[in-house]
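Each number in the working numbering comes from the position in the sequence shown (counting from 1) with 1 added on.
Backbone N, C-alpha and C fix where the C-beta goes; we use that ideal spot for every residue, glycine too.
Notes follow the structure.
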Amino acid sequence: MGQQTALYDQHRALGAKLVDFSGWDMPLHYGSQIQEHRTVRSAAGVFDVSHMAIVDVSGADAEAWLRYLLANDVAKIADAEGRALYTAMLNERGGVIDDLIVYRTGEGYRTVLNCGTREGDLAWMRQQSKDFAVDIRERNELAILAIQGPEALEKVCELLPAQAERLRALKPFYSFADGEWFFSRTGYTGEDGLEIMLPDAAVVEFWQSVLKAGVEPCGLGARDTLRLEAGLNLYGHEMDQDTSPLVANMAWTIAWAPEERDFIGRAALEAQKAAGIDQRLVGLVMRERGVLRAHQTVHVPGCEQSGEITSGTFSPTLGLSIALARVPAQVGDRCLVDVRNKQVEVEVVKPCFVRQGKVLI
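See below:
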């Protein structure tokens, strides 16, 4: 048996298919992964993502330390309480240790780390903080719910009328705290919605009220197909410690200015940029029957170097197979993928297929 969130018994009572996810017993689905996916695209679904790590950073050197630790620059949000920033934490080689969101809070900063990397992340953060006056506090007593979909915001406003005015005024990638409850207009589905951090002691009652309001419980299976349709990276697939953000469609998260900011991995990224980037992360669409899967080989016509699918699935919204793939930079609008001992032609598209319910290909 793995670690369990405060909602474990609720998942069991709902008949969830529970699986091991990085040492946690988490719901894969509650009966139909495809139905859960479609509900988030059309209405609202709720995900228990309490396996992720909430880490608060405070102290006299909090801003200076985060400017050194992260590729994006928290100075952008230092004077705007509530703003959030997407960034990567890099090693000295420019590889991605983790991608994360940083929120500006009244006390300092809040970070949310991926489940599978949390132990390594925390060890790295503590190691890199030795010369800084910072306090790194893991908030294991808090749960996280992601309520996502076009109806998500109004559903939450109905449940929490005292916060409704602030919630409706909340812009994407902004947040606010109300006591131990923390609300952010963020998500990982390509739909509008909220991520709510709240005490374990309160999460069961709130979860039940969310379900009674008509929000459907959703598992990690739908979360993965939703994020892939939206072209969102998954750690360990599109990025890892050997992958630069420059080849993971994350160049926009690197703050090069001011030039005097020496963040971890900067020198390696500058060298990569000067040498030229010979790979790209692209989207693939397969029109014929079959499913694209991670690790399948991608062949680019006229190029000796091959590529590889990093994530692939059947898209419930599109009704066909899609993938993200790292391929040679000179790729055109068609390439070939090894599928079940044959090469299948696929279309090369921008690595985003569906956003806000709109088909983009």
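Checklist entry - Just checking my contact of residue 46 with residue 149 at CB under 8 Å: how many whole Å lie between their CB atoms? => result Under the criterion of beta carbons closer than 8 Å, residue 46 and residue 149 qualify as touching, at roughly 6 Å.
Checklist entry - What whole-angstrom Cβ distance do residue 49 and residue 19 have, given they're in contact under 8 Å? => result Contact flag wrong, Cβ pair sits at about 11 Å.
Item to check | Residue burial classification, residue 220 (beta-carbon count within 10 angstroms, cutoff 16) | outcome: buried
Checklist entry - Whole-angstrom Cβ separation of residue 69 and residue 264, contact assumed at under 8 Å? => result 6 Å
Checklist entry - Is it true that the CB of residue 322 sits closer than 9 Å to the CB of residue 291? => result yes
Next on the checklist: Helix, strand or coil, according to DSSP, for residue 310 in the structure here?
Outcome noted: strand
Checklist entry - Hey, residue 327 and residue 348 are a contact pair by Cβ (cut 8 Å); roughly how many whole angstroms apart? => result Not really, about 17 Å apart at Cβ, beyond 8 Å.
Item to check | residue 216 to residue 12 span [Cα, whole Å] | outcome: 15 Å
Item to check | Which of helix, strand or coil DSSP assigns to residue 137 | outcome: strand
Next on the checklist: Is the beta carbon of residue 244 closer than 9 Å to that of residue 96?
Outcome noted: yes
Checklist entry - Taking Cβ to Cβ, would you say residue 85 is nearer than 9 Å to residue 58? => result Not in contact: residue 85 and residue 58 (Cβ atoms no closer than 9 Å).
Item to check | Residue range of the beta strand (DSSP E) that includes residue 104 | outcome: 97–105
Checklist entry - So what's residue 59 in DSSP terms, helix, strand or just coil? => result strand
Checklist entry - From residue 218 to residue 144, what distance separates their C-alpha atoms? => result 16 Å
Checklist entry - Is it buried or exposed for residue 312, if we count other Cβ within 10 angstroms and need 16 for buried? => result buried
Checklist entry - Would you call residue 249 buried or exposed, if buried means 16 or more other Cβ atoms sit within 10 Å of its Cβ? => result buried
Item to check | the stretch 339–354 in contact with the stretch 224–233 per 3-pair CB rule at 8 Å | outcome: With a cut-off of 8 Å, the stretch 224–233 and the stretch 339–354 count as touching, because enough Cβ pairs lie within range.
Checklist entry - What is the rounded straight-line gap between the Cα of residue 131 and the Cα of residue 204? => result 35 Å
Checklist entry - Rounded to whole angstroms, how far is the Cβ of residue 30 from the Cβ of residue 223, which I believe are closer than 8 Å? => result 7 Å
Item to check | Reference residue 358, options 24, 15, 41, closest by Cα | outcome: 41
Item to check | Residue nearest to residue 115 in terms of C-alpha spacing, selected from 93, 133, 139, 298 | outcome: The candidate whose alpha carbon is nearest that of residue 115 is 139.
Checklist entry - Taking the beta strand (DSSP E) that residue 27 falls in, what are its first and last residues? => result 25–30
Next on the checklist: To the nearest angstrom, how far is the alpha carbon of residue 73 from that of residue 10?
Outcome noted: 39 Å
Item to check | Of the listed residues 337, 269, 272, nearest to residue 302 (C-alpha basis) | outcome: 337
Item to check | Strand pairing of residue 343, partner residues [DSSP] | outcome: 340
Checklist entry - If you count every other CB in all the chains shown that lies within 10 Å of the CB of residue 344, and 16 or more means buried, which is it? => result exposed
Item to check | residue 285 (DSSP reduced to helix, strand or coil) | outcome: strand
Checklist entry - Comparing the CB of residue 57 with every heavy atom of the ligand COA, is any distance shorter than 8 Å? => result Absence of the ligand COA is noted for the structure shown, with no ligands found whatsoever.
Next on the checklist: Classify residue 255: buried if its beta carbon has 16 or more other beta carbons within 10 angstroms, exposed otherwise.
Outcome noted: buried
Checklist entry - Given residue 296, which residues of its chain have a CB within under 7 Å of its CB, disregarding the five upstream and five downstream residues? => result 309, 310
Next on the checklist: Does residue 110 come out as helix, strand or coil in the three-state DSSP assignment?
Outcome noted: strand
Checklist entry - Based on Cα-Cα distance, which residue from 212, 135, 298, 259 lies nearest to residue 341? => result 298
Checklist entry - Measuring CA to CA, which of 44, 141, 261, 360 is closest to residue 200? => result The shortest Cα separation from residue 200 among 44, 141, 261, 360 belongs to 141.
Item to check | Residue(s) in a DSSP beta bridge with residue 298 | outcome: 309
Next on the checklist: If the criterion is Cβ atoms closer than 9 Å, does the pair residue 173 and residue 190 meet it?
Outcome noted: No, these two residues do not count as a Cβ contact at 9 Å.
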